[in-house]
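Peer 1:
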Amino acid sequence: MPEASKSFTAQRRYSGFLLLILLGTPVLLLLAGSIFFFSHRDALLDFENKIGSISNNTLLYDYRGRPFRSLKGLESREILSLSDFSRELQLSVLAAEDSRFFQHRGVDLLRIFGAIWANLQSGSVRQGASTITQQLVKVTLLEPEQTLRRKVKEMAISIWLELYLGKEKILEHYLNSIYLGHGHYGMERASQAYFQKNVNDLTLAQAAFLAALIKKPEHYLRISELKTGRKYFSLEELKDVNQRQQSILRRMLELEWIDDQTFQRASDEKLNVLVPNPETGSGNYFVQHVINLLRTEHGLGQVYGGGWRIWTTFHPELQQLLEEVIQQNFAEDAPPGRQVAAVAMDPNSGEVLALSGGRNFKTSSFNRATQARRQPGSALKPLLYATALEQSFRPNSSFEDSVLIYDWEDEGVEQIYAPKNYDGLYGEERVLRNHLGGTYRSDQMTLGKALELSINTIAVQLLDAIGIGSFVEKSRALDLEMKEESGLCLALGCSESSLLKLTSAYTVFLNQGRYLSPVFIKRIEDSSGRLIYRFPENEPKEIFSQQTMLQMQDLLKSVIQNGTGRNANWSTDNQSLLGKTGTSSSSRDAWFVGAYPALLSGFWIGHDENLPMPDEQGGGTPARLWSRFSEKASSLLPYREMLSLPEPIRVPTCRVTGLLATENCPDVSEYPYFDDQVPIHLCDQHPGEILSRESPEVQTTDQNLLEIEP
11 MPEASKSFTA QRRYSGFLLL ILLGTPVLLL LAGSIFFFSH RDALLDFENK IGSISNNTLL
71 YDYRGRPFRS LKGLESREIL SLSDFSRELQ LSVLAAEDSR FFQHRGVDLL RIFGAIWANL
131 QSGSVRQGAS TITQQLVKVT LLEPEQTLRR KVKEMAISIW LELYLGKEKI LEHYLNSIYL
191 GHGHYGMERA SQAYFQKNVN DLTLAQAAFL AALIKKPEHY LRISELKTGR KYFSLEELKD
251 VNQRQQSILR RMLELEWIDD QTFQRASDEK LNVLVPNPET GSGNYFVQHV INLLRTEHGL
311 GQVYGGGWRI WTTFHPELQQ LLEEVIQQNF AEDAPPGRQV AAVAMDPNSG EVLALSGGRN
371 FKTSSFNRAT QARRQPGSAL KPLLYATALE QSFRPNSSFE DSVLIYDWED EGVEQIYAPK
431 NYDGLYGEER VLRNHLGGTY RSDQMTLGKA LELSINTIAV QLLDAIGIGS FVEKSRALDL
491 EMKEESGLCL ALGCSESSLL KLTSAYTVFL NQGRYLSPVF IKRIEDSSGR LIYRFPENEP
551 KEIFSQQTML QMQDLLKSVI QNGTGRNANW STDNQSLLGK TGTSSSSRDA WFVGAYPALL
611 SGFWIGHDEN LPMPDEQGGG TPARLWSRFS EKASSLLPYR EMLSLPEPIR VPTCRVTGLL
671 ATENCPDVSE YPYFDDQVPI HLCDQHPGEI LSRESPEVQT TDQNLLEIEP
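Numbering (this note's numbering), first residue to last: 11 to 720.
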């Protein structure tokens with residue numbers, strides 16, 4: 011057979027194959043839809059009531075199973091007919107979501123194959139192909155799961171629904187029920203919320219703006235720095251949604267739904283978009299985060315009116331206490347613009363019990379506990395020290411506190427890194443108090459002493475010794491974002507983290523070295539009581555050994571007893587308290603994360619504008635807030651012992667050299683050791699008789715005074 015003939019035959023076969031797919035797919039979907047229709051006939055025929063069920067309130071339950079918040083649905087809305095929506099709004103939505111809406115029959119095969127081709131070309135998922143009908147089916151008739159089975163079912167039902175309802179009714183339902191951010195469902199409610207207009211009064215630019223929100227409403231209308239009295243979203247906050255609005259207008263022009271003059275007028279119109287009024291009441295930041303999780307992780311489109319029953323980890327009494335402590339000890343007297351965030355969780359389960367994202371939710375709904383990413387400063391050091399103890403280092407490993415200068419060349423350009431201590435002092439320039447209340451000077455100290463006093467130069471040397479890669483690897487295992495190329499400043503917390511993630515990372519110190527990710531939602535049921543989701547038992551991830559954790563507990567207790575965290579100390583049995591302060595460069599962020607067996611909590615102080623705070627540090631307001639909150643919280647929580655850890659060997663150790671202490675060592679502590687870690691050499695810098703555990707000079711409650719706060 012001639013080559014041309016073979017080629018023609020192959021082309022015909024390929025074309026026939028494509029034709030078979032194009033003709034066969036609707037038949038298969040119709041068949042699948044028929045099967046589903048007859049097995050779910052009542053539900054489909056009751057579709058109008060399904061849409062109406064969006065008005066059912068969603069209930070949130072606390073950790074005891076008591077309802078504490080009702081998320082109201084759409085019962086207060088006015089249901090509009092399709093003719094009530096302006097032509098501009100209808101066309102904007104169609105251009106944004108489904109320009110072939112009136113050509114397809116529920117599923118747009120041309121768009122599907124076009125999306126597949128575009129995604130294959132780009133090597134990633136860049137285009138979707140869901141029609142308006144499919145979107146409506148997804149949020150009203152199907153369970154929130156991400157499976158191929160659900161997608162096929164969604165397509166099949168969409169074909170049947172178009173036969174059953176018709177195009178106009180489907181579009182009407184869609185415009186009345188689509189979610190548009192900040193608890194607003196339906197175009198009418200969103201129009202009132204963002205523009206204080208009825209939908210019929212919207213300009214084309216405003217209509218295209220609302221249509222643009224459909225794709226990612228929470229992302230597009232993310233409030234970054236909401237200040238008291240602010241009425242409108244800033245241009246920076248609207249940058250992404252404005253770009254999408256412009257692309258929708260261009261699409262309408264391409265489709266010849268508007269002319270050049272109309273396009274230009276709408277494109278040039280400057281929009282003032284109102285900031286929504288947040289709800290009032292206790293626990294609003296917690297509820298806000300739960301709603302975001304329901305949408306982003308559990309696929310619940312209609313949260314407010316879906317009639318869901320959500321069992322959470324919320325502890326109302328603890329939340330009330332947290333808000334009172336913040337109000338009485340910070341909000342009333344804090345400088346203008348200074349903000350606060352706090353997280354409280356169960357360290358043995360990862361359950362978040364209380365959360366505050368700012369000093370006042372009504373004036374600022376931006377959640378600084380979960381959304382803000384800031385530099386944790388020295389609050390990150392415990393994770394560095396734990397990583398080092400996993401290697402060859404010990405609490406008594408001794409380092410020199412001196413001026414450090416690292417220099418190297420990067421692509422021919424000389425680079426210099428010179429970390430500084432918080433107070434600008436090094437070694438013998440600093441006066442230290444010892445375990446007996448006396449004073450001494452030294453340019454050398456153990457890791458235990460260095461963490462207690464948060465000495466930056468020693469932390470940087472430690473990171474340099476263990477390798478940046480090993481620290482980054484451990485941090486990522488704790489869900490902390492960290493880039494190796496950031497370099498040695500990672501030892502001083504130059505990476506960024508949310509308060510929630512940093513606090514969660516501290517679960518390792520109370521959970522035998524195992525990490526527990528934060529938990530907010532335990533169970534989800536639909537309005538009929540059908541179980542949709544149950545949180546599996548929080549699987550702890552082993553990060554550090556139990557021996558390392560016992561040593562870290564010892565070091566972190568010392569931070570509160572004698573070091574930079576002394577303002578956090580409240581317990582009569584203070585051996586049970588552990589924590590760490592943190593202050594970022596130029597005092598732009600101040601942190602304290604601390605715990606006892608029943609409660610782990612973290613506090614952050616700072617400005618949304620990232621301004622310096624010369625009068626603030628982690629051992630100041632954050633430590634005092636933690637102390638007041640955790641002390642009162644202890645009466646609301648059951649008493650709990652520390653989880654058992656291996657029994658160490660304790661030996662009097664010189665806190666200068668790290669060797670066995672003599673009677674002449676200026677500073678002594680009993681560090682915990684295991685197996686071959688016990689020092690065997692007598693301190694040669696302070697010669698004398700060996701100091702036994704029974705000696706009156708040996709104290710484990712030394713008062714090392716340092717009037718600085720890293």
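The beta-carbon is built from N, C-alpha and C at its ideal position, and this holds for glycine as well.
All of these numbers come straight from a predicted model, not from anything done at the bench.
#1: Can you give me the Cβ contacts of I478 inside the same chain, cut-off strictly under 6 Å, excluding the 5 residues immediately before and after it?
#2: Verify whether the separation of the beta carbon atoms of D417 and E410 is less than 8 Å.
#3: In the DSSP assignment, find the beta strand (DSSP E) that holds I615 and state where it starts and stops.
#4: Are there three or more Cβ pairs, one per stretch, closer than 8 Å when the segment 435 to 454 is compared with the segment 506 to 520?
#5: Among G368, W321, P676, M559, which one has its Cα closest to the Cα of S80?
#6: So what's I732 in DSSP terms, helix, strand or just coil?
#7: On the three-state DSSP scale, how would you describe C499?
#8: Do E172 and T143 count as a contact pair if the criterion is CB distance below 8 Å?
#9: Compute the Euclidean distance between the alpha carbons of G630 and L70, then round it to the nearest angstrom.
#10: Look up M559 in the DSSP assignment and give the residues it is bridged to.
#11: Measuring straight from C-alpha to C-alpha, what distance separates K249 and Q274?
#12: What does the alpha-carbon distance come out to for the pair V353 and Q113?
#13: Answer with buried or exposed for P632, where buried requires no fewer than 16 other C-beta atoms within 10 angstroms of its C-beta.
#14: Would you give the residue range spanned by the alpha helix (DSSP H) that Y184 belongs to?
#15: Name the DSSP bridge partner or partners of W418?
#16: Please state if the CB of L190 and the CB of L146 are separated by a distance shorter than 8 Å.
#17: Taking the alpha carbon of R254 as the reference point, which residue from K225, G367, R404, A276 has its own alpha carbon closest?
#18: CA-CA distance, F340 and F684?
#19: Sorted by chain position, which residues of the same chain lie with C-beta nearer than 7 Å to L510's C-beta, five sequence neighbours on each side aside?
#20: Are the Cβ atoms of G447 and S594 separated by less than 8 Å?
#21: Excluding the five sequence neighbours on either side, which residues of its own chain have a C-beta within less than 7 Å of the C-beta of A671, listed in chain order?
#22: Name the two residues that bound the continuous alpha helix (DSSP H) containing A469.
#23: For the alpha helix (DSSP H) containing P386, list its first residue and its last residue.
#24: Return the first residue and the last residue of the alpha helix (DSSP H) that M197 is part of.
#25: Should R22 go down as buried or exposed, given a rule of 16 or more other Cβ atoms within 10 Å for buried?
#26: Does DSSP classify I659 as helix, strand or coil?
#27: Please go through the same chain and pick out, in chain order, the residues whose beta-carbon is closer than 7 Å to the beta-carbon of L32, but skip the five residues on each side of it.
#28: Any idea what DSSP makes of L29, helix, strand or coil?
#29: Please report the distance separating the alpha-carbon of F205 from that of T591.
#30: So, helix, strand or coil for V441, using DSSP?
#31: Taking all protein chains shown into account, decide if L442 is buried (16 or more other Cβ within 10 angstroms of its Cβ) or exposed.
#32: How do the segment 556 to 568 and the segment 347 to 363 stand: do at least 3 beta-carbon pairs fall below 8 Å, yes or no?
#33: Over the uninterrupted alpha helix (DSSP H) stretch that includes Y295, give me the two end residues.
#34: According to DSSP, what are the bridge partners of T397?
Peer 2: From the atom records:
#1: E494
#2: no
#3: 609 to 617
#4: no
#5: W321
#6: Nothing about residue 732 can be reported from this structure: the residues present for the chain run from 11 to 720 only.
#7: helix
#8: yes
#9: 36 Å
#10: Partner(s): none; M559 has no beta bridge.
#11: 19 Å
#12: 52 Å
#13: buried
#14: 177 to 187
#15: Q425
#16: no
#17: K225
#18: 43 Å
#19: V353, A379, T380, P528
#20: no
#21: P662, T663, C664, V678, C693, L701
#22: 466 to 476
#23: Unbroken run through P386: none, as it is neither H nor E.
#24: 197 to 205
#25: Residue confidence is low: R22 scores 46 on pLDDT, short of 50, so the model does not pin down where it sits. Its coordinate-derived value is still stated next. Result: exposed.
#26: strand
#27: Residue placement at L32 is poorly supported in this model, since its pLDDT is 48, which falls under 50; the coordinates are not used for a value here.
#28: Low local confidence applies: a pLDDT of 45 at L29 is under 50, so the model's placement there is unreliable, with the coordinate-based value given in what follows. It is helical.
#29: 45 Å
#30: coil
#31: buried
#32: no
#33: 294 to 306
#34: Answer is none; T397 lacks a bridge partner.
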